[in-house]
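Colleague:
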Amino acid sequence: MVSEELSAGALAWLGERCEVECVRFDAGAAFDAALSRADALVVRTYTKVTAELLAKGARLRVVGRAGVGLDSIDVCACRARGVEVVYTPDANTVAVSEYVLALVVDAFRPRGFVEGALAQAEWSALRKEMIAPRQLSELTLGILGLGRIGKRVARWARALDMNVIYHDLLEMPEAVRCGARPVSRDELLAGADVLTIHVDGRASNRGLVTAEWLARVKRDVTIVNTSRGFVVEAGALAAFLRTSAGARAILDVHEPEPFGAEYPLLGLPNAFLAAHLAACTRTAHENMSWVVRDVWRVLAGEAAEFSAP
Numbered sequence: 001m002v003s004e005e006l007s008a009g010a011l012a013w014l015g016e017r018c019e020v021e022c023v024r025f026d027a028g029a030a031f032d033a034a035l036s037r038a039d040a041l042v043v044r045t046y047t048k049v050t051a052e053l054l055a056k057g058a059r060l061r062v063v064g065r066a067g068v069g070l071d072s073i074d075v076c077a078c079r080a081r082g083v084e085v086v087y088t089p090d091a092n093t094v095a096v097s098e099y100v101l102a103l104v105v106d107a108f109r110p111r112g113f114v115e116g117a118l119a120q121a122e123w124s125a126l127r128k129e130m131i132a133p134r135q136l137s138e139l140t141l142g143i144l145g146l147g148r149i150g151k152r153v154a155r156w157a158r159a160l161d162m163n164v165i166y167h168d169l170l171e172m173p174e175a176v177r178c179g180a181r182p183v184s185r186d187e188l189l190a191g192a193d194v195l196t197i198h199v200d201g202r203a204s205n206r207g208l209v210t211a212e213w214l215a216r217v218k219r220d221v222t223i224v225n226t227s228r229g230f231v232v233e234a235g236a237l238a239a240f241l242r243t244s245a246g247a248r249a250i251l252d253v254h255e256p257e258p259f260g261a262e263y264p265l266l267g268l269p270n271a272f273l274a275a276h277l278a279a280c281t282r283t284a285h286e287n288m289s290w291v292v293r294d295v296w297r298v299l300a301g302e303a304a305e306f307s308a309p
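Residue numbers 1 to 309, in our numbering, belong to the letters of the sequence shown in order.
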């Protein structure tokens, strides 16, 4: 059973090996009926695999997450029922990393395009309007979480001559830091001109960015979050942005998604909100769709390549 969109190629490949039924996660009774017949469930972003859902899928042997994070899947509940969980941990690393760098470049290098003939005065005014106050090579990039994406962002930022610092729960040898320098949490917050967040979905990361954290950052910091929406306390961030006109927040993920009219960050001139776009490349979507290979391995009685940790 497939509850969200997969690539045509991955669906066809799986369909050559077993019966595939595509029923959307929000299809109500039709979803429950299909789930009761399913040996495997493939999800993407919005299907919540809970103990309640698992109880309706008595035949389930494997859940495949076409993506990187497992926040929407109760892995413990799956294991308690003998259901394997597989995913695609490296499928969107390149897509998200280049998206982060694109956001940083956009934030610091304004660009205006000419759509018609301009007089000399207009031409000169446009050029003056687009003068960037700082070059990337003059900035310190702080990375919170030096995992797969954090490492790639660090390597690319160093190639742009940015000073790169990071904070992570794990100690890492210099050979794998990609040119980034380890610092304490407080040093990261105080030293970063740009703070980009790349933490996992563990419960302790919920509400990680609080008013107490924000009291330690620069008043003109640019905060980028492409990890999880629940990492940031939206109300605290909104209060910080209101009192720090020189600061910016560029958020690709939110809690909830989609957010409503009451979302605290809506309408703030220095809050830039995107609709969870970091992994939106055809290549990344294709890579994630091929979770079906591990789904089939489990159904065939073989060991999966990427099981949930």
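Here a beta-carbon is modelled for each residue, glycine too, at the ideal position from N, C-alpha and C.
(1) As a quick exercise: from Ala-30, Leu-70, Ala-107, pick the residue whose alpha carbon is nearest that of Ile-250.
(2) Near Ala-38, what residues of its chain come up, given a Cβ to Cβ distance below 8 Å and the 5 sequence neighbours on each side ignored?
(3) Let me check understanding here. Comparing Cα to Cα, which of Ala-303, Ala-91, Ser-7, Leu-146 lies closest to Asp-200?
(4) Residues bridged to Ala-40 by DSSP?
(5) Please classify Ile-131 as buried or exposed, where buried requires at least 16 other C-beta atoms within 10 Å of its C-beta.
(6) Have a look at Ala-211 and Trp-123 and give me their C-alpha separation to the nearest angstrom.
(7) Please determine if the segment 285-301 and the segment 91-105 are in contact, where contact requires at least 3 C-beta pairs separated by less than 8 Å.
(8) Using the three-state DSSP reduction, which class does Gly-15 fall into: helix, strand or coil?
(9) When every heavy atom of the ligand SAM is checked, does at least one fall within less than 7 Å of the C-beta of Thr-47?
(10) Going by CA-CA distance only, name the one from Ala-175, Gly-69, Phe-230 that's closest to Ser-208.
(11) Going by C-alpha to C-alpha distance, which of Trp-156, Arg-134, Pro-133 sits closest to Ile-143?
(12) What separation, rounded to the nearest whole angstrom, lies between the Cα atoms of Gly-67 and Asp-220?
(13) Can you name, in chain order, every residue of its own chain whose Cβ lies under 7 Å from the Cβ of Asp-252, other than the five neighbours on each side?
(14) Three or more C-beta pairs closer than 8 Å, one from the segment 109-129 and one from the segment 177-189: is that the case here?
(15) When burial is assigned at 16 or more other CB atoms within 10 Å of the CB, is Tyr-46 buried or exposed?
(16) Here's the rule: buried if 16 or more other CB atoms are within 10 angstroms of the residue's CB, otherwise exposed. What is Val-114?
(17) Roughly how far, in whole angstroms, is the beta-carbon of Leu-268 from the beta-carbon of Arg-242, given that I think they are within contact range, below 8 Å?
(18) Using DSSP with H/G/I as helix, E/B as strand and the rest coil, what is Ala-132?
(19) What separation, rounded to the nearest whole angstrom, lies between the Cα atoms of Ala-102 and Gly-69?
(20) For Val-224, which residues does DSSP report across the bridge?
(21) Hey, is Asp-294's beta-carbon within less than 8 Å of any beta-carbon in chain D?
(22) Decide if Glu-233 is buried, meaning its Cβ has at least 16 other Cβ atoms within 10 Å, or exposed.
(23) So Leu-273 is in the alpha helix (DSSP H); what residue range does that whole segment cover?
(24) Which residue wins for smallest C-alpha separation from Asn-205, given the options Leu-35, Met-162, Arg-228, Leu-189?
(25) Which class does Glu-84 belong to by DSSP, given the choice of helix, strand or coil?
(26) CA-CA distance, Trp-296 and Leu-14?
(27) Buried or exposed: where does Ser-36 fall if 16 or more other Cβ atoms within 10 Å of its Cβ makes it buried?
(28) For Tyr-263, name the three-state secondary structure that DSSP assigns.
(29) What residues are listed by DSSP as bridge partners for Ile-149?
Modeller: Let me lay it out:
(1) Position 250 of the sequence shown, counted from the start, is the residue given in the question as residue 250. For Ile-250, the nearest C-alpha among the options comes from Ala-107.
(2) For the purposes of this step, residue 38 is identified with residue 38 of the sequence shown, where counting begins at 1. The residues are Met-1, Glu-21, Gly-57, Arg-59, Leu-60.
(3) If you number the sequence shown from 1, residue 200 lands on position 200. Selected option, being the one with the closest Cα: Leu-146.
(4) The residue you call residue 40 lines up with position 40 of the sequence shown. BP columns for Ala-40 point to Val-62.
(5) Your numbering for residue 131 matches position 131 in the sequence shown. Exposed, by the Cβ-count rule.
(6) Position 211 of the sequence shown, counted from the start, is the residue given in the question as residue 211. Position 123 of the sequence shown, counted from the start, is the residue given in the question as residue 123. Cα-Cα distance, rounded: 43 Å.
(7) yes
(8) If you number the sequence shown from 1, residue 15 lands on position 15. In the structure shown, Gly-15 sits in a helix (DSSP, three-state: H, G or I).
(9) In terms of ligand content, the structure shown is empty, and the ligand SAM therefore cannot be addressed.
(10) As a working mapping, residue 208 is identified with position 208 in the sequence shown. As written in the sequence, residue 208 is Leu, which differs from the Ser given in the question. Of the listed residues, the one whose Cα sits closest to Leu-208 is Phe-230.
(11) Taking the sequence shown and counting its residues from 1, one reaches residue 143 at position 143. Closest option to Ile-143, Cα to Cα, is Trp-156.
(12) As a first step, residue 67 must be located in the sequence shown, where it is residue number 67. As a first step, residue 220 must be located in the sequence shown, where it is residue number 220. So the two alpha carbons sit approximately 34 Å from each other.
(13) The sequence position of residue 252 within the sequence shown is 252, counting from 1. Asn-225, Thr-226, Ala-274, His-276, Leu-277, Ala-278.
(14) no
(15) Against the sequence shown, residue 46 aligns to sequence position 46. Looking at its Cβ environment, which holds fewer than 16 other Cβ atoms inside 10 Å, Tyr-46 is exposed.
(16) Here residue 114 is taken as the residue at index 114 of the sequence shown, counted from 1. By the 10 Å Cβ count, Val-114 comes out exposed.
(17) Here residue 268 is taken as the residue at index 268 of the sequence shown, counted from 1. Here residue 242 is taken as the residue at index 242 of the sequence shown, counted from 1. That belief holds up - the Cβ atoms of Leu-268 and Arg-242 are roughly 7 Å apart, short of 8 Å.
(18) Within the sequence shown, residue 132 is the residue found at index 132, counting from 1. Coil, per DSSP.
(19) Sequence index remark: in the sequence shown, residue 102 carries index 102 (1-based). Sequence index remark: in the sequence shown, residue 69 carries index 69 (1-based). C-alpha separation (whole angstroms): 22 Å.
(20) Sequence index remark: in the sequence shown, residue 224 carries index 224 (1-based). In DSSP, Val-224 forms a bridge with Thr-196, Ile-250.
(21) No chain D appears in this structure, which consists of one protein chain only.
(22) The count along the sequence shown starts at 1 and reaches residue 233 at position 233. Buried is the call here.
(23) The residue given as residue 273 occupies position 273 in the sequence shown. Where Leu-273 is concerned, there is no enclosing alpha helix (DSSP H), although the beta strand (DSSP E) it sits in stretches over 271-273.
(24) Numbered from 1 along the sequence shown, position 205 holds the residue referred to as residue 205. The shortest Cα separation from Asn-205 among Leu-35, Met-162, Arg-228, Leu-189 belongs to Arg-228.
(25) Numbered from its first residue, the sequence shown carries residue 84 at position 84. Strand.
(26) For the purposes of this step, residue 296 is taken as the residue at position 296 of the sequence shown. For the purposes of this step, residue 14 is taken as the residue at position 14 of the sequence shown. Going by the C-alpha atoms only, they are around 7 Å apart.
(27) To locate residue 36, count along the sequence shown from 1; it is residue 36. Its Cβ having fewer than 16 others within 10 Å, Ser-36 is exposed.
(28) Locating residue 263 in the sequence shown gives position 263, where the first residue counts as 1. Three-state result, Tyr-263: coil.
(29) The count along the sequence shown starts at 1 and reaches residue 149 at position 149. In DSSP, Ile-149 forms no bridge with anything.
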